[in-house]
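Enquirer: Keeping their order, the protein sequence lines are chains A and B.
For what it's worth, full-length UniProt numbering labels the leading residue of the first sequence as 1, then goes sequentially.
For what it's worth, full-length UniProt numbering labels the leading residue of the second sequence as 1, then goes sequentially.
C-beta atoms are modelled at their ideal positions from N, C-alpha and C, and glycine is treated no differently.
Before I ask anything, let me first share the structure, which is written out below as structure tokens.
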Amino acid sequence: MSFTTLTHAEFEEGCKAFISKCALDRDPISRRKYPPGWHWHEHTSFPQLGYMSRSLSIPAHSLCEDHLDDETDEVYVEVPEDDAEAPQVIRELVTVTLSVVYSPTYQVPALYFTAHHTSGSPLTLPEITRLPLFREGLFPDEQGGSFALNVPDSSFAMLSQGDHPTLGTPSWYLHPCHTSAVSPGSLYWVTLSTSLHITVV
Amino acid sequence: MSTYGARPSPSAFSTPASTTLFRRLTWEGTVPLEIRVDPKELPANSDRGLECYYIQAPRVSYLPLLVPEIKKFLMDVVFDEAAARVVKEEEWWFESEEGNLLKWHWPLGLIYDSHTIAASIRPTTSSSSLQSVPLRLVLHLVSPPTEKLLLSPSAEACKQAFMGQMKEADFIRWGNTKRMTGLRKAEQDGLWEGIKEHNFDEYWRVASKVTPTTTPARSQSPPLPSSTSLHTRPPSADPQTGNGGPDRDGAYNVRNIPVRIYLPDGPVIQDVVPPLLDDGSPNSLHDFLSKNLSKLFPASPSEPPFHELAYPIIQGVEIPGDAEMAWLGACMAGADGWVNVCIGIIRDHGSRL
């Protein structure tokens, strides 16, 4: 497992550059790459705990109406903008909060996230693996029970629970070795500036 | 508390016997817990008045590992048959007296010490009440606050969290996890079994293969007594050693030491902690704290505020500033490999623990 490492200052710079790109008005295709909604959060006393996050509502799982973009080969998920045109199948929406934080252990960005049903209850691990957030077919049949998802070739669980490094709240944590696992093809796919080594939704 | 100037050499204080001693002291450390079921949740017909359970629990253990014992007590003493049939320990969760949700993946020693330091900033706490008082916990039997807890803890989840922390510590020390992944599954399980059974030898039989040693490089060491042999690794015996250097696994050869700092009202801070400073001298606890908490631990006594503001606690003990981080990483880390430094604040009248 080898990483090109960053300092927190470089991480912060990369995130802020990305966020400022998001703030620009863009055509719909570019908006897929630089969606609005990412915010930088500073910790009042400890600058090395700054991170960026975004909250969004996504369907609980992909359906076959989601289609391939012929040009980019990306799958994207339709989110109806107007209720009157809502698809026949009502899909449950899930609230996901994504945080890109700096991992002091691996010295690269890491993804922490929470996912809740609208009722407030958290998604179970199987439900999380079905979120359009992740590339389809990515997860093996569950190994590891309800706490973490293990993959055969890695000594680290791909997905496990951990405390958000700045907030201290329980989150799901995608191990940095696996960040390329996050789905490259959804409406929410975002490529961060090249100084970062993670592509997130 | 700190010394400035010449530092003692690492080998002066690090004999195999002293390493074993500190590891054993760390392992045998306990914390007093008083666990009380939330009275509103006691099933009808429970024997009230007896629902308080006291335990002197190992610092290296975890809340989910206490659950079987607590459950047995409640079933035997407090619940009647009807209640006992419906008890669901997967819904149990713990809260401190002050209403803080307890983290089941934190070792008990850390939960206790972080509670101690939180008390150090509460105006109502008197100095005498900080002395080894039981940590009073409320045990809830139902309705875990899922927005704060995510998913309910089980001993299996706790084990996975523990193994994750061990691997992360391994990575910090060596830049890879070969020592941990080089263990057979039975050995990895043996670490957790050692914690569950609270068996020092069983734990260290395996942990000695991944934890840094403190023996300085010596080509002709005298033979070591067997009780300490677990805690030093003869250079030739390490199958993973490529070049077989005597100190390859030495505490001062790690890249960094796995350390976290806990403040009375959060957050948790983690920084890169090398064993040696740029000038080649050992990185001391004071060096480390003055780098990360410069206002609480000014680098030199000639800087304001000229008196002590805070103190570091590791494994329940206030540690002197000249303790070396590398040594702490080898001798006073928790069972998961991490050195947890809890920072207490000194009250105006100078009292502390």
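When we look at the beta-carbon of Pro225 (chain B) and count the other beta-carbons within 10 Å, is it buried (16 or more) or exposed?
Expert: Because Pro225 (chain B) carries a pLDDT of 46, less than 50, the predicted location of this residue cannot be relied on, and no value is offered for it.
Enquirer: Can you tell me the Cα-Cα spacing of Lys40 (chain B) and Ala157 (chain B), whole angstroms?
Expert: When rounded, the separation of the alpha-carbon atoms in Lys40 (chain B) and Ala157 (chain B) is 28 Å.
Enquirer: Answer with yes or no whether the minimum CB distance from Pro126 (chain A) to chain B is below 9 Å.
Expert: no
Enquirer: Name, please, each residue of chain B whose Cβ falls closer than 8 Å to the Cβ of Phe46 (chain A).
Expert: What Phe46 (chain A) touches in chain B: Pro267 and Ile269.
Enquirer: Taking 9 Å as the CB-CB cut-off, is residue 354 (chain B) touching chain A?
Expert: Lying outside 1 to 353, the shown extent of chain B, residue 354 (chain B) is not represented and no answer is given.
Enquirer: How about Tyr262 (chain B) and Asp113 (chain B): do their beta carbons lie closer than 9 Å?
Expert: yes
Enquirer: Using the Cβ count rule (16 or more neighbours within 10 Å means buried), how would you classify Asn45 (chain B)?
Expert: Exposed, since its Cβ has fewer than 16 Cβ neighbours within 10 Å.
Enquirer: Would the stretch 291-304 of chain B and the stretch 98-117 of chain B be scored as touching if the rule is three or more Cβ pairs under 8 Å?
Expert: no
Enquirer: Do you know whose CA, among A:Gln107, A:Glu127 and A:Thr118, lies nearest Val94 (chain A)'s CA?
Expert: A:Thr118
Enquirer: With DSSP collapsed to three states, give me the class of Val79 (chain A).
Expert: Confidence in Val79 (chain A) is poor, its pLDDT being 46 and thus under 50, which makes the residue's placement unreliable; the coordinate value appears in the next sentence. Of the three classes helix, strand and coil, the one that applies to Val79 (chain A) here is coil, per DSSP.
Enquirer: Please report the straight-line C-alpha distance between Ser99 (chain A) and Ile19 (chain A), rounded to a whole angstrom.
Expert: 13 Å
Enquirer: Counting C-beta neighbours from all protein chains within 10 Å, is the total for Val77 (chain B) 16 or more, i.e. buried, or is it exposed?
Expert: exposed
Enquirer: Under 9 Å, Cβ to Cβ, is there at least one residue of chain B near Pro104 (chain A)?
Expert: Output row for Pro104 (chain A): interface = yes.
Enquirer: Let's see if you can read the secondary structure: which residues bound the beta strand (DSSP E) around Phe94 (chain B)?
Expert: Residues Trp93 to Ser96.
Enquirer: Using 10 angstroms around the beta-carbon of Arg173 (chain B), count the other beta-carbons present and answer buried if the total reaches 16, otherwise exposed.
Expert: buried
Enquirer: Going along the stretch 161-188 of chain B in order, which residues come within less than 8 Å of chain A, judged by CB to CB distance?
Expert: Ala161, Gly164, Lys167, Glu168, Phe171, Ile172, Asn176, Thr177, Met180 and Thr181
Enquirer: Can you tell me whether Pro74 (chain B) is buried or exposed, with buried defined as 16 or more other CB within 10 angstroms of its CB?
Expert: Residue identity check: residue 74 (chain B) is Leu in the sequence provided, not Pro. Label assigned to Leu74 (chain B): buried.
Enquirer: Please confirm if Pro312 (chain B) has its CB atom under 9 Å from at least one CB of chain A.
Expert: no
Enquirer: Taking the alpha-carbon positions, what's the Ala57 (chain B) to Val108 (chain A) distance?
Expert: 37 Å
Enquirer: Tell me the rounded alpha-carbon separation between Gly168 (chain A) and Ile111 (chain B).
Expert: 14 Å
Enquirer: Is the shortest distance between the beta-carbon of Val272 (chain B) and the beta-carbons of chain A less than 9 Å?
Expert: yes
Enquirer: Cys52 (chain B): which of B:Ile35, B:Arg59, B:Pro212 and B:Ala251 sits nearest, CA to CA?
Expert: B:Ile35
Enquirer: Output, in chain order, the set of chain B residues within a Cβ distance shorter than 8 Å of Thr166 (chain A).
Expert: Pro267
Enquirer: Note down, in chain order, each residue of its chain lying with its Cβ closer than 6 Å to the Cβ of Gly337 (chain B), except the 5 sequence neighbours on either side.
Expert: Met166, Ala169 and Pro258
Enquirer: Near Thr72 (chain A), what residues of its chain come up, given a Cβ to Cβ distance below 6 Å and the 5 sequence neighbours on each side ignored?
Expert: Reliability of the predicted coordinates at Thr72 (chain A) is poor, the pLDDT of 37 falling under 50, and the value obtained from them is presented with this limitation in mind. Result list for Thr72 (chain A): empty, nothing under 6 Å.
Enquirer: Rounded to the nearest angstrom, what separates Pro43 (chain B) and Ala9 (chain A) at their Cα positions?
Expert: 54 Å
Enquirer: Check each candidate in B:Glu193, B:Ala330 and B:Pro145 and name the one with the smallest Cα separation from Glu95 (chain B).
Expert: B:Pro145
Enquirer: Which residue marks the beginning of the alpha helix (DSSP H) containing Glu92 (chain A), and which one marks its end?
Expert: Glu92 (chain A) -> no alpha helix (DSSP H), and no H or E assigned at all.
Enquirer: Would you verify that the beta carbon of Pro258 (chain B) is, or is not, closer than 9 Å to some beta carbon of chain A?
Expert: yes
Enquirer: Please identify the residue among B:Ser294, B:Gly109, B:Lys71 and B:Cys331 whose C-alpha is closest to the C-alpha of Trp92 (chain B).
Expert: B:Lys71
Enquirer: Any Cβ of chain A within less than 9 Å of the Cβ of Lys196 (chain B)?
Expert: Output row for Lys196 (chain B): interface = no.
Enquirer: Any beta-carbon of chain B closer than 9 Å to the one on Leu49 (chain A)?
Expert: The beta carbon of Leu49 (chain A) sits closer than 9 Å to some beta carbon of chain B.
Enquirer: Helix, strand or coil for Tyr262 (chain B), going by three-state DSSP, please let me know.
Expert: strand
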